[in-house]
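Chemist: Numbering (the UniProt record's numbering), first residue to last: 1 to 211.
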Amino acid sequence: MARVRDPAGYDGQREMILSHAAQLFAQRGYAGTSMNEVAAACGVSKATLYHYVIDKHDLAVRIAEEHVLRLEALVNDTLQAHADPEQRLHALIRGFGQEYAQAQNAHRVLTEDVRFLREEDQQRILDVERRVVAAFAQTIAQVRGEPADSALGKPLAMLLFGMINWTFTWLKPGGTLDHDAIGTMVSQLFFGGVRAVSVPDGKKPRKARQA
Numbered sequence: 001m002a003r004v005r006d007p008a009g010y011d012g013q014r015e016m017i018l019s020h021a022a023q024l025f026a027q028r029g030y031a032g033t034s035m036n037e038v039a040a041a042c043g044v045s046k047a048t049l050y051h052y053v054i055d056k057h058d059l060a061v062r063i064a065e066e067h068v069l070r071l072e073a074l075v076n077d078t079l080q081a082h083a084d085p086e087q088r089l090h091a092l093i094r095g096f097g098q099e100y101a102q103a104q105n106a107h108r109v110l111t112e113d114v115r116f117l118r119e120e121d122q123q124r125i126l127d128v129e130r131r132v133v134a135a136f137a138q139t140i141a142q143v144r145g146e147p148a149d150s151a152l153g154k155p156l157a158m159l160l161f162g163m164i165n166w167t168f169t170w171l172k173p174g175g176t177l178d179h180d181a182i183g184t185m186v187s188q189l190f191f192g193g194v195r196a197v198s199v200p201d202g203k204k205p206r207k208a209r210q211a
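This is the structure in structure tokens:
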């Protein structure tokens, strides 16, 4: 009788491989990481690794695409949960900050390594990103009381992403501020300007060092 594959075991192993690969890609870059290194980090043989993925390109595609699809799912859930556009935008900012905190390596792969992928894979991932940006742009337009296709919706959305997309490059784990605190500050800044930003409860930012 043929053996029945354990879905939980298979999926768990696959997620472990993607997680380790994302960490290596984030640390060394896609071009600087070999499949031998991925196998070693996962504690499996190279033959076992190829049981789960086709090649290094397949690894990067899965990491980037699954990450951006999670972001799109978060957007869709938030759109359904919040009819009020202002509440929706606050929730989107908070949700993306939390997702980035949990998936920093995958996010770095999405932002830095997609350029190494084949054009059809890049395009598929970019299409999802465009839908995510469009949802933010439409929500921002609604907050401003403008039509969904407002000329300022997308530029403002891209400015917002400029604030939240790159926090992983400078926000240190265990520091004075965490991703939730930064999300609150981004909302305050985006809605009210720099004078509206306050120190989150319980947070005491360090003074900047003198040059």
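C-beta: ideal position from N, C-alpha, C; glycine also.
Predicted model, so just to flag it, every value in this text is computed and none were measured.
Can you tell me which of the three DSSP states L79 falls into?
Modeler: Helix.
Chemist: Starting from the N-terminal side, write out each stretch of the alpha helix (DSSP H) that is 4 residues or longer and does not extend beyond the segment 138-169.
Modeler: Listed in chain order, the complete alpha helix (DSSP H) runs (minimum 4 residues) inside the segment 138-169 are 153-164.
Chemist: Whole angstroms are fine: how far does the CA of R130 sit from the CA of D55?
Modeler: Using only the alpha carbons, I get a separation of about 27 angstroms.
Chemist: Quick one: grab the DSSP three-state call for R130.
Modeler: Helix.
Chemist: In chain order, what residues of the same chain have a beta carbon less than 7 angstroms from the beta carbon of A21, not counting five sequence neighbours either side?
Modeler: Excluding sequence neighbours, A21 sits near V38, L59 and I63.
Chemist: Can you give the beta carbon distance from Y93 to V186, rounded, assuming they're within the 8 angstroms contact cut?
Modeler: For the record, residue 93 in the displayed sequence is Ile; it is not Tyr. Going by Cβ atoms, the distance from I93 to V186 rounds to 6 angstroms, so yes, they are a contact pair.
Chemist: Return the residue from the list G43, G192, E15 and F190 that minimises the CA-CA distance to E66.
Modeler: When only C-alpha atoms are compared, the closest one is E15.
Chemist: In this structure, how does DSSP classify I180 when only helix, strand and coil are distinguished?
Modeler: Here residue 180 turns out to be Asp, not Ile, going by the sequence shown. Note: D180 maps to helix in three-state DSSP.
Chemist: In terms of residue numbering, what span does the alpha helix (DSSP H) encompassing F96 cover?
Modeler: From DSSP, the alpha helix (DSSP H) with F96 extends over P85 to Q102.
Chemist: For residue 263, count neighbouring Cβ atoms within 10 angstroms of its own Cβ and tell me buried if that reaches 16, exposed if not.
Modeler: Since the first residue shown for the chain is 1 and the last is 211, residue 263 is missing from the structure and cannot be characterised.
Chemist: Using C-beta distances below 7 angstroms, list every residue in its chain close to G95, excluding the 5 sequence neighbours before and after it, in chain order.
Modeler: If we look at G95 and ignore the five residues flanking it on each side, its Cβ neighbours are L74 and T78.
Chemist: So is Y100 buried or exposed if we call it buried at 16+ other beta carbons inside 10 Å?
Modeler: Per the 10 Å Cβ criterion, buried.
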